[in-house]
Amino acid sequence: MERRKFLKNSGLSTAAIIASPLVTSCKETTVETESSTPVLKNIHPVVIATWDVPNATNKAWEVLNKEGNSLDAVEQGVMIEEADVTNQSVGNGGRPDRDGNVTLDACIMDKDSNCGAVVYIENIVHPVSVARKVMEDTPHVMLAGKGAEKFAIEKGFEKENLLTEKSKEEWLEWKKTSQYQPIINIENHDTIGMLAIDKNGDLSGACTTSGMAYKMAGRVGDSPIIGAGLFIDNEVGGATATGMGELVVRTVGSFLIVELMRQGKSPQEACEEGVKRIIAKNKNYKDFQIGFIAINKNGETGGYCIHPGFSYRIYSEEGHINQPSTSYLGE
Ligand code: ASP
C-alpha cells in the first residue's frame, strides 16, 4: 500500500504532463484554454506490436476504440498470442528449454510507471495477466519461478501443460544434436512486445515470451526486465524489444530508446540509435537478431533491427498495417 502511494505521488500530475516541452511543442495536439493552460486534444489512439500479429493488434485496437485504456489494450492484445498454440515463441505452445520445460517471461507497465513482471513461470497460459496482478496486488515488481506460479494459482489462474506435441517433437529432434545456435528470424513471430496510446493520450506496454528456444534451465532474457525488454514513460513514449535478450539487457535497450526520445529523437531515430549501440558493443552482432519498436507521446512510431526480416504491426485510424522494419544490415 505504502509503495503504491509513493508511486502515485511521485508520478507526474496531468498538469505537468501537458506542460512538458515535448507535448506543448506539437501544435497539432495542443490548444490554449482561457487560462492559457495547454490541454491535449485530437488524441488518436495507436497500437504497435513486434512482428506480424494482426489478431493481437486487432484485439488491442478493439479495446482502444471502445474508449478502453491502453493498459487493458496491451494486456488483452498480447493475451491473443499467449493463447495461440501455433505461436511457438509465446505462452501456450512455446518452445521449451533444453530440459523440455516451457518457461515463460512477461512484464507490463502503465502510464504511472507502475510495473509488474513474472520470470521463469511454468504451467500458466497468460503470464502477462499474472504480471499485471503482481503490479496491482503486491508490493513487488517481479515474481519468479515456483513463487510466481503459486501466486498465479492463488489468484485463480489454472495450471495447464503448455508443451504441445509439435513443440515436444521439435525439441526431441533438437536434442539429437543439442546445438544452441539461434537461427536469425527463424521463430518468425517471436517475443510479442506491444505499446499503445489511448484516447486520453496515456501510454502502456506489455511484453511476453517463452524466451530463446532450448535455453539453459533457469535462463531469463530481456523481455520481463523493465528497462530492457520494455519501458514506458508517459511523459515521453515507450519502447520494446525482440531478439537475443542478452544483448538487449547489456544496453538496457528500451530505457535507452525512451531516453533518446526524451532528448528529441523521433521513435525511428531512437530505435536506430538503440540498435547501433548494441552493434558497437557486440563484435558478433551479425550472429543475432535484435528488433526494437517505439512510440512517442504524439503517437508517432518507429522500428529498426539488425537483420532484414523483422516487421511490426501498427493499428491506428489510418489503418492496420504490417510494417517491414528497416535494418542495419539491409541498408
Ligand atoms: N527476447 C527474447 C529473449 O531473449 C527472445 C526473442 O525475442 O527472440 O528471451
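Using the working numbering, the letters of the sequence shown map in sequence onto residues 23 to 353.
No residue lacks a Cβ here, since even glycine has one placed at the ideal position from N, Cα and C.
Does the beta-carbon distance from residue i to residue j come in below 8 Å?
| i | j | result |
| --- | --- | --- |
| ALA166 | PRO149 | no |
| SER349 | TYR334 | no |
| MET216 | VAL140 | no |
| VAL274 | ALA261 | no |
| LEU93 | SER232 | no |
| ALA174 | ILE143 | yes |
| ILE355 | ILE317 | Given a span of 23 to 353 for the chain in the structure shown, any question on residue 355 remains unanswerable. |
| ALA263 | SER276 | yes |
| GLY296 | PHE310 | no |
Give the range of the alpha helix (DSSP H) segment to which residue i is assigned.
| i | result |
| --- | --- |
| MET101 | 92-105 |
| MET157 | 149-159 |
| GLN290 | 289-303 |
| ASN80 | 76-87 |
Given the structure, does residue i come close to the ligand ASP, in the sense that its CB is under 7 Å from one of the ligand's heavy atoms?
| i | result |
| --- | --- |
| SER245 | yes |
| GLY265 | yes |
| ASP212 | yes |
| MET234 | yes |
| THR356 | The question about residue 356 has no answer here: the residues shown for the chain are numbered 23 through 353. |
Between which two residues does the beta strand (DSSP E) harbouring residue i extend?
| i | result |
| --- | --- |
| ILE336 | 333-338 |
| THR323 | 323-327 |
| VAL163 | Note, VAL163: premise wrong, no beta strand (DSSP E); not H, not E. |
| ASN344 | 341-346 |
| SER226 | 225-231 |
| PHE173 | No beta strand (DSSP E) contains PHE173, which is instead part of the alpha helix (DSSP H) from 167-176. |
| ALA218 | 214-219 |
Around the Cβ of residue i, are there at least 16 other Cβ atoms within 10 angstroms (buried) or fewer (exposed)?
| i | result |
| --- | --- |
| HIS329 | buried |
| GLU50 | Summary for GLU50: the model assigns pLDDT 38, below 50, so the residue's position carries little reliability; its value from the coordinates is reported in the next sentence. Its Cβ having fewer than 16 others within 10 Å, GLU50 is exposed. |
| MET238 | exposed |
| ASN108 | This sequence places Thr at residue 108; Asn is not what is there. When all chains shown are included, THR108 counts as exposed. |
| GLU89 | exposed |
| TRP83 | buried |
| ALA250 | buried |
| GLU368 | Coverage of the chain is limited to positions 23 through 353, which leaves residue 368 absent and any answer about it impossible. |
| TYR402 | What the structure shows of the chain is the stretch from 23 to 353, and residue 402 is not part of that stretch, so it cannot be assessed. |
| ASP121 | exposed |
| THR199 | exposed |
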